[in-house]
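Residue numbers (the numbering used here), protein chains in the order written: chain L, 430 to 598; chain E, 11 to 138. Take a look at the structure below.
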């Protein structure tokens, strides 16, 4: 079996042998199956007049009926989630749902929807103070010292900031 | 008096049609993305209802909102209304359907043959 995944070839620099480790490949394959896109189907009861409108709107927008239903379903579920006023309960529900999902790298998980305003607050805080807590940076300086970004930003942040400024010019 | 008798008759016909049409559903097979599927599953378990029972009525309302959200959809609404009214015994839209919502919101108006005929009779009787 291992022979099938070993290849030797000669270049100007000499002979190379390339080997694919079968056991590790299998481990990754299992992981891929675990993260494979859900193939779950639902049978939804839809009023006949709604089917007429779904089909007409789908045709207008150049999408399938299924795509349009999916979009409507997503909006319904997101609004249900956001209707929970208590942030901790909202995030818990989103997190539990996310645990069952196999997202690809481009998908936004439910917790992102659930955090909504908090996420924006964290984003602002990270950009403003380099921490997610909304607190001014804790730097020990003499009283009256006016600290600058250089006192509390990470070196990577400062370097990247300067590079990005350069790009903007 | 004639007007009252006919109005009652028309109302009864309309109600009977609405009741009959309210039962008309189609089962639509949907294969949503993983994100929608997991939340739909979770909420249906929490609510103790099937996914279908959970969202059937809400779909109609959301569909109406979606349709009403852009003037681009005017022709689609007209096409859907025509298609829905072409069905046998249809004098109006299914109660609680998106088209029904649009009609109740004043976005969509229909003039059915009975009402049209009634109007003509009333106009001609006034002339006499």
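Beta carbons are placed, not taken as given, at the ideal position from N, Cα and C, and that holds for glycine. Remember, it's a predicted structure, so these values are computed and weren't measured experimentally.
Tell me whether the region 483-490 of chain L and the region 77-88 of chain E touch, counting them as touching only if at least three CB pairs, one residue from each stretch, are closer than 8 Å.
Touching, yes, given that three or more Cβ pairs across the two stretches are closer than 8 Å.
Do we get a CB-CB distance below 8 Å when we pair residue 113 of chain E with the residues of chain L?
no
Name the residue from L:563, L:544, L:531 whose alpha carbon lies nearest to the alpha carbon of residue 46 of chain E.
L:531
Would you say residue 451 of chain L lies against chain E (beta-carbon separation less than 8 Å)?
no
Assuming residue 476 of chain L and residue 70 of chain E make a contact with CB atoms under 8 Å, what is their CB distance in whole Å?
6 Å
List, in chain order, every chain E residue whose beta-carbon is nearer than 8 Å to that of residue 532 of chain L.
Against chain E, a Cβ distance below 8 Å from residue 532 of chain L picks out 44, 45.
Enumerate in chain order the residues of its own chain whose CB-to-CB distance from residue 494 of chain L is below 7 Å, with the five nearest sequence positions on each side excluded.
483, 484, 487
Residue 462 of chain L: buried (16+ other C-beta within 10 angstroms of its C-beta) or exposed?
Any answer about residue 462 of chain L is weak, because its pLDDT of 46 lies below 50 and its placement is not dependable; what the coordinates show is given next. The residue is exposed, with fewer than 16 neighbouring Cβ atoms inside 10 Å.
If you draw a straight line from the C-alpha of residue 450 of chain L to the C-alpha of residue 435 of chain L, how long is it?
One C-alpha to the other measures close to 9 Å.
Quick one: what does DSSP say residue 92 of chain E is sitting in, helix, strand or coil?
helix
Should residue 432 of chain L be labelled buried (16 or more other beta-carbon atoms within 10 Å of its own) or exposed?
Confidence in residue 432 of chain L is poor, its pLDDT being 49 and thus under 50, which makes the residue's placement unreliable; the coordinate value appears in the next sentence. Exposed, because fewer than 16 other Cβ atoms sit within 10 Å of the Cβ of residue 432 of chain L.
Can you give me the Cβ contacts of residue 87 of chain E inside the same chain, cut-off strictly under 7 Å, excluding the 5 residues immediately before and after it?
77, 112, 118
For residue 127 of chain E, count the other beta carbons within 10 Å of its own beta carbon; 16 or more makes it buried, fewer makes it exposed. Which is it?
exposed
Please state if the CB of residue 502 of chain L and the CB of residue 65 of chain E are separated by a distance shorter than 8 Å.
yes
State the DSSP-derived secondary structure class of residue 471 of chain L, mapped to helix, strand or coil.
Strand, per DSSP.
In chain E, which residues lie with their C-beta within 9 Å of the C-beta of residue 503 of chain L?
Simply 42, 43, 45, 46, 49.
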